[in-house]
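K.L.:
Residue numbers for the sequence shown follow the working numbering, so the first one is 114 and each next one is one higher.
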Amino acid sequence: MQSSHSFNETPRNSPWAEVAPEDWNNWKWQLKNRITKLEQLESLIELTSEERKGCLFADKKLALAITPYFFNLINRKDTLDPIRLQVVPKVQETTTAPEELLDPVGEDDTSPVEGIVHRYPDRVLFLVTDRCASYCRYCTRSRLVSNAQDYNFHPKFDIGLEYIRNNPQIRDVLLSGGDPLLMSNNKIEYLLSELRKIKHVQFIRIGSRIPVFLPQRIDEGLCEIFKKHGPVWMSIHVNHPNECTRELAEACEKLAFSGVPIGNQSVLLKGINNNADIMRSLIHKLLMMRVRPYYLYQCDLITGSAHLRTDPREGIKIIESLRGHTTGYAIPQFVIDAPGGGGKIPINPNYIQSVTEDAIIMKNYEGKTYSYPLKPTGIVKNNLSNPELIQPMLT
């Protein structure tokens, strides 16, 4: 696989240096050996006081869970390592700012039946599990995933499928959770096959961070399911270039060769990727892995996330720094998922300076001003009245 050669294979550090390759590359082994307890984490890394207190609180908010593979990406000597900041709890999670919400994007208010969020007319979000391979500390659904908050969410596939069958305006179904790819192949195939039987469903998507947390999961059996029931589109979630390993690149190539188009959704996070150079490096690596940068999200107002959120104006500046300085395919759409259920709203740099009756006045990436006329000006000359132009058209 040619493009994967551009990425480094993740070295295995203690205590996994001697683990047999057949175990390390087995996704079930990775899940069984996740770091889920404070004692495990403390044996691997020197925690700060803030981190230790955060771990003690995790079981009341969002469980601690990190796969050995993903933990191996952390620079253990750096307390500000961008991988560490994403998955190691901090005491700041115990504090709720006035603007923060348990359900920041209003999913519960647009849920007609358990497991279905129907916010947009022609599409639904189908929550099929409450478990993930690792838990992001800024998770929008921290109320639901891992059941640390006793939300008591137990997905029932048949209820969701029946709702989709009975609503013919639904043409687009996004499977999410939790992480759908954490389910068995049998469950994944069942869901995809049932959705394919519904005539009005045209578009099936999966939102997953499994390729990033657990690339070993993308195996031959799973890829055969995607080939059989495709096209299935997938949105993965990469936030920093350090996550772009050879293992991830190979997982993405397996998906791409199985007919799965892949996009990436990043979250703008303080100290992790709120930097134009880091974002440029990330999006270039994504393209090299056959992944189209799709969304850059402003971090949702989930409880206990203030220490990871940035000023949205930083996101606008980052997009502005990319436009004209990299491939258009590489530039994600910066969006805010509006608090209270308003949906995704694009937040773009202001390239339009003014709109008059005659023209749109714009600036380009260099700050130069240009005008595009809105209607013809002066006398319009019909070039076809020129015999020299008409004659070649007739012969």
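Idealized CB from N, CA, C, for every residue including glycine.
Since we're looking at a predicted model, the values are computed, not measured.
Can you tell which of 254, 436, 397, 314 has the C-alpha that lies nearest to the C-alpha of residue 282?
P.N.:
314
K.L.:
So residue 342 is in the beta strand (DSSP E); what residue range does that whole segment cover?
P.N.:
Segment 333-342 is the alpha helix (DSSP H) holding residue 342; no beta strand (DSSP E) there.
K.L.:
The alpha helix (DSSP H) spanning residue 364 covers which residue range?
P.N.:
359-370
K.L.:
So what does residue 475 bridge to, in DSSP terms?
P.N.:
465, 483
K.L.:
Once the 5 residues before and after residue 291 are set aside, which same chain residues still bring their CB inside 6 Å of it?
P.N.:
Contacts found: 242, 243, 244, 245, 258.
K.L.:
Assuming residue 428 and residue 381 form a contact by the criterion Cβ under 8 Å, report the distance between their Cβ atoms to the nearest whole angstrom.
P.N.:
The C-beta distance from residue 428 to residue 381 rounds to 5 Å, short enough to fall under 8 Å.
K.L.:
Would you identify the three-state DSSP class for residue 197, choosing helix, strand or coil?
P.N.:
helix
K.L.:
Could you spell out where the beta strand (DSSP E) holding residue 239 opens and where it closes?
P.N.:
Its beta strand (DSSP E) spans residues 236-240.
K.L.:
What residue range does the beta strand (DSSP E) around residue 274 cover?
P.N.:
Where residue 274 is concerned, there is no enclosing beta strand (DSSP E), although the alpha helix (DSSP H) it sits in stretches over 270-278.
K.L.:
Going by other Cβ atoms of all chains shown within 10 Å of its Cβ, with 16 needed for buried, is residue 178 buried or exposed?
P.N.:
buried
K.L.:
Between the C-alpha atoms of residue 365 and residue 154, what's the straight-line distance to the nearest angstrom?
P.N.:
So the alpha carbons of these two residues sit roughly 29 Å apart.
K.L.:
Measuring alpha carbon to alpha carbon, tell me which residue in 220, 362, 148, 272 is nearest residue 413.
P.N.:
220
K.L.:
Ignoring anything shorter than 4 residues, give me the alpha helix (DSSP H) runs that lie fully in the region 397-464, in order along the chain.
P.N.:
Within the region 397-464, the complete alpha helix (DSSP H) runs of at least 4 residues are 425-435.
K.L.:
So is residue 265 buried or exposed if we call it buried at 16+ other beta carbons inside 10 Å?
P.N.:
exposed
K.L.:
Assign residue 326 to one of two classes, buried (16 or more other C-beta atoms within 10 Å of its C-beta) or exposed (fewer than that).
P.N.:
buried
K.L.:
Quick check on residue 167: does DSSP put it in helix, strand or coil?
P.N.:
Judged by DSSP in its simplified three-state form, residue 167 adopts helix.
K.L.:
Look at residue 217 and residue 171 and say whether their C-beta atoms are less than 8 Å apart.
P.N.:
no
K.L.:
Let me know if residue 256 comes out buried or exposed under the rule of 16 or more other beta-carbons within 10 Å of its beta-carbon.
P.N.:
buried
K.L.:
Should residue 391 and residue 425 be called a contact, given that it needs their Cβ atoms to be closer than 8 Å?
P.N.:
no
K.L.:
What number of angstroms, rounded off, separates the C-alpha of residue 312 from the C-alpha of residue 464?
P.N.:
42 Å
K.L.:
So what's residue 378 in DSSP terms, helix, strand or just coil?
P.N.:
strand
K.L.:
Report the residue from 239, 248, 295, 254 whose alpha carbon sits nearest the alpha carbon of residue 287.
P.N.:
239
K.L.:
Counting pairs of Cβ atoms below 8 Å between the region 393-406 and the region 359-375, do you hit three or more?
P.N.:
Segments in contact, yes.
K.L.:
Look at the Cβ atom of residue 334, then the Cβ atom of residue 273, and state whether they are nearer than 8 Å.
P.N.:
Between residue 334 and residue 273, the C-beta gap is not smaller than 8 Å, which leaves the two residues out of contact.
K.L.:
Could you tell me how far apart the beta carbons of residue 276 and residue 418 are, in whole angstroms, since I believe they sit closer than 8 Å?
P.N.:
The beta-carbon distance between residue 276 and residue 418, rounded to whole angstroms, is 31 Å. This is too long to meet the 8 Å contact definition.
K.L.:
Within 10 angstroms of its Cβ, does residue 440 collect 16 or more other Cβ (buried), or is it exposed?
P.N.:
exposed
K.L.:
Residues in the same chain with beta-carbon distance under 7 Å from residue 355, minus the five sequence neighbours each way, listed in chain order, please.
P.N.:
186, 195, 196
K.L.:
Could you give the C-beta distance for residue 460 and residue 444, rounded to a whole number, given that I count them as a contact under 8 Å?
P.N.:
Contact doesn't hold; Cβ gap of about 13 Å is too wide.
K.L.:
Comparing the CB of residue 364 with every heavy atom of the ligand GTP, is any distance shorter than 7 Å?
P.N.:
Only the bare structure without any ligand can be found here, which leaves the ligand GTP out of the picture.
K.L.:
I believe residue 284 touches residue 318 by the beta-carbon criterion, under 8 Å. Please report the beta-carbon distance rounded to the nearest angstrom.
P.N.:
So it is not a contact: roughly 12 Å between Cβ atoms.
K.L.:
Under a Cβ-count criterion, where at least 16 other Cβ atoms within 10 Å of its own Cβ denotes burial, should residue 466 be classed as buried or exposed?
P.N.:
exposed
K.L.:
What do you get for residue 193, buried or exposed, if any count of 16 or more other CB atoms within 10 angstroms of its CB means buried?
P.N.:
exposed
K.L.:
Within 10 Å of its beta-carbon, does residue 306 have 16 or more other beta-carbons around it, so buried, or fewer, so exposed?
P.N.:
exposed
K.L.:
Can you have a look at residue 134 and say buried or exposed, based on whether 16 or more other CB atoms are within 10 angstroms of its CB?
P.N.:
Counting the other Cβ atoms within 10 Å of the Cβ of residue 134 gives fewer than 16, which makes it exposed.
K.L.:
Per DSSP, which one or two residues make a beta bridge with residue 219?
P.N.:
DSSP lists no partner for residue 219.
K.L.:
Using 10 angstroms around the beta-carbon of residue 298, count the other beta-carbons present and answer buried if the total reaches 16, otherwise exposed.
P.N.:
Result: exposed.
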